[in-house]
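*Asks:*
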Amino acid sequence: MTERLLLNLRVVRALGRRSTLQTFRRPQLMAPIVVFPTLLLAVQTGGAGAAVDLPGFPPVQSFLQFMLAGGIMQSLILAGNSGGGAFALEIETGFTDRLFSTPIPRFTIVLGRLVGTAALGFFASLWFLAVGLAFGAEIAGGVPGALVAIVLATATALAVGGIGAAMALRTGDATIVQGMFPLVFVVLFLSTAYFPLELMVEPAQTIAQYNPLSFIVEGIRDPIISGVSATETIEAVLAILGIGLVSLLLSASALRHRLRVG
Numbered sequence: 000m001t002e003r004l005l006l007n008l009r010v011v012r013a014l015g016r017r018s019t020l021q022t023f024r025r026p027q028l029m030a031p032i033v034v035f036p037t038l039l040l041a042v043q044t045g046g047a048g049a050a051v052d053l054p055g056f057p058p059v060q061s062f063l064q065f066m067l068a069g070g071i072m073q074s075l076i077l078a079g080n081s082g083g084g085a086f087a088l089e090i091e092t093g094f095t096d097r098l099f100s101t102p103i104p105r106f107t108i109v110l111g112r113l114v115g116t117a118a119l120g121f122f123a124s125l126w127f128l129a130v131g132l133a134f135g136a137e138i139a140g141g142v143p144g145a146l147v148a149i150v151l152a153t154a155t156a157l158a159v160g161g162i163g164a165a166m167a168l169r170t171g172d173a174t175i176v177q178g179m180f181p182l183v184f185v186v187l188f189l190s191t192a193y194f195p196l197e198l199m200v201e202p203a204q205t206i207a208q209y210n211p212l213s214f215i216v217e218g219i220r221d222p223i224i225s226g227v228s229a230t231e232t233i234e235a236v237l238a239i240l241g242i243g244l245v246s247l248l249l250s251a252s253a254l255r256h257r258l259r260v261g
């Protein structure tokens, strides 16, 4: 039993490492995860920095400090979408079929891809925190707060990556997976990633209030702008677990479908 578990862990580690290196070696996969969210963060910070003076805006050191969580979240969504697209491309080229023919558990193939996506989430959180510090944003929670934000971001990448993997297994078409990005982006905009809930108008305010991504964003933002809060962190963890459960069920169903249809 122990030997089998260790074997599965080695398979997951090897496939996760391959997935991560594959992304870093292909600019078309890596650029959207880092470049686009960073540019959007710069535009939003430079063009809407005076928003912190609006009545009802939460107390923050700067608009950049407030927006860091949104930049991280956008990067995580892109990482999940990019990972799903890369997974679908491997299905198209037959690489996944070769893995299916080997004597390893099928779930390790999917989990290896998700580990690679989680690694990208870890990198993205480090990148945006470093950018924020470089341009004067403070991390109110200090090192512990930064660690909480990084852990939540990594776990979120793992959870949303499962949805991308499920779409890849179900469709086997990288174009379709990549085409889902606009829809996911709309869901992100209907959260508190880019603006406080109190200053939104209906129906966006009600949607954002119950949007799972809002709970995650606030869990990442809280250590940055004010310090670690048990309530915000727990709500973020529950939202991540909820998304993770949905992605697990979708991935399991899609994997059965892929094994059945080939």
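Each residue of the sequence shown is one higher than the last, beginning at 0 in numbering that gives the first Met the number 0.
Idealized CB from N, CA, C, for every residue including glycine.
1) For a test of the three-state rule: what should DSSP assign to residue 23, helix, strand or coil?
2) Is the region 180-198 in contact with the region 94-110, if contact means three or more CB pairs nearer than 8 angstroms?
3) Taking DSSP as the reference, what is the three-state secondary structure of residue 210?
4) Can you tell which of 196, 179, 206 has the C-alpha that lies nearest to the C-alpha of residue 56?
5) Considering only the alpha carbon of each residue, which of 248, 127, 63, 166 lies closest to residue 145?
6) Spatial neighbours of residue 36 within its chain, please: C-beta separation below 6 angstroms, excluding the five flanking residues on both sides.
7) Considering only their Cβ atoms, is the gap separating residue 206 from residue 155 smaller than 7 angstroms?
8) Under three-state DSSP, which class holds residue 173?
9) Identify whether residue 37 lies in helix, strand or coil by the three-state DSSP scheme.
10) Which same chain residues end up closer than 8 angstroms to residue 217 when comparing Cβ atoms and leaving out the 5 residues on each side of it in sequence?
11) Would DSSP call residue 84 helix, strand or coil?
12) Are there 16 or more other CB atoms within 10 angstroms of the CB of residue 221, so buried, or fewer, so exposed?
13) Start and end of the alpha helix (DSSP H) containing residue 181?
14) Could you give the distance in angstroms between the alpha-carbon of residue 168 and the alpha-carbon of residue 247?
15) Residue 226 by DSSP, collapsed to three states: which one?
16) Could you say if the region 10-27 and the region 109-129 meet the contact criterion of at least three C-beta pairs nearer than 8 angstroms?
17) With 16 as the cutoff for other CB atoms within 10 Å, does residue 1 come out buried or exposed?
18) To the nearest angstrom, how far is it from the Cα of residue 119 to the Cα of residue 259?
19) Report the residue from 86, 96, 151, 64 whose alpha carbon sits nearest the alpha carbon of residue 134.
20) Residue 59 by DSSP, collapsed to three states: which one?
21) Closest by CA to residue 178, which one among 143, 98, 84?
*Replies:* Working from what's here:
1) Residue 23: helix per DSSP, three-state reduction.
2) no
3) DSSP, read as helix, strand or coil, puts residue 210 in coil.
4) 196
5) 127
6) 70, 73, 74
7) Not closer than 7 angstroms, so no.
8) Note: residue 173 maps to helix in three-state DSSP.
9) helix
10) 68, 191, 231, 234, 235
11) helix
12) Within 10 angstroms of the beta-carbon of residue 221 lie 16 or more other beta-carbons, which makes it buried.
13) 180-188
14) 12 angstroms
15) coil
16) yes
17) exposed
18) 31 angstroms
19) If we check each option's Cα against that of residue 134, 64 comes out closest.
20) coil
21) 84
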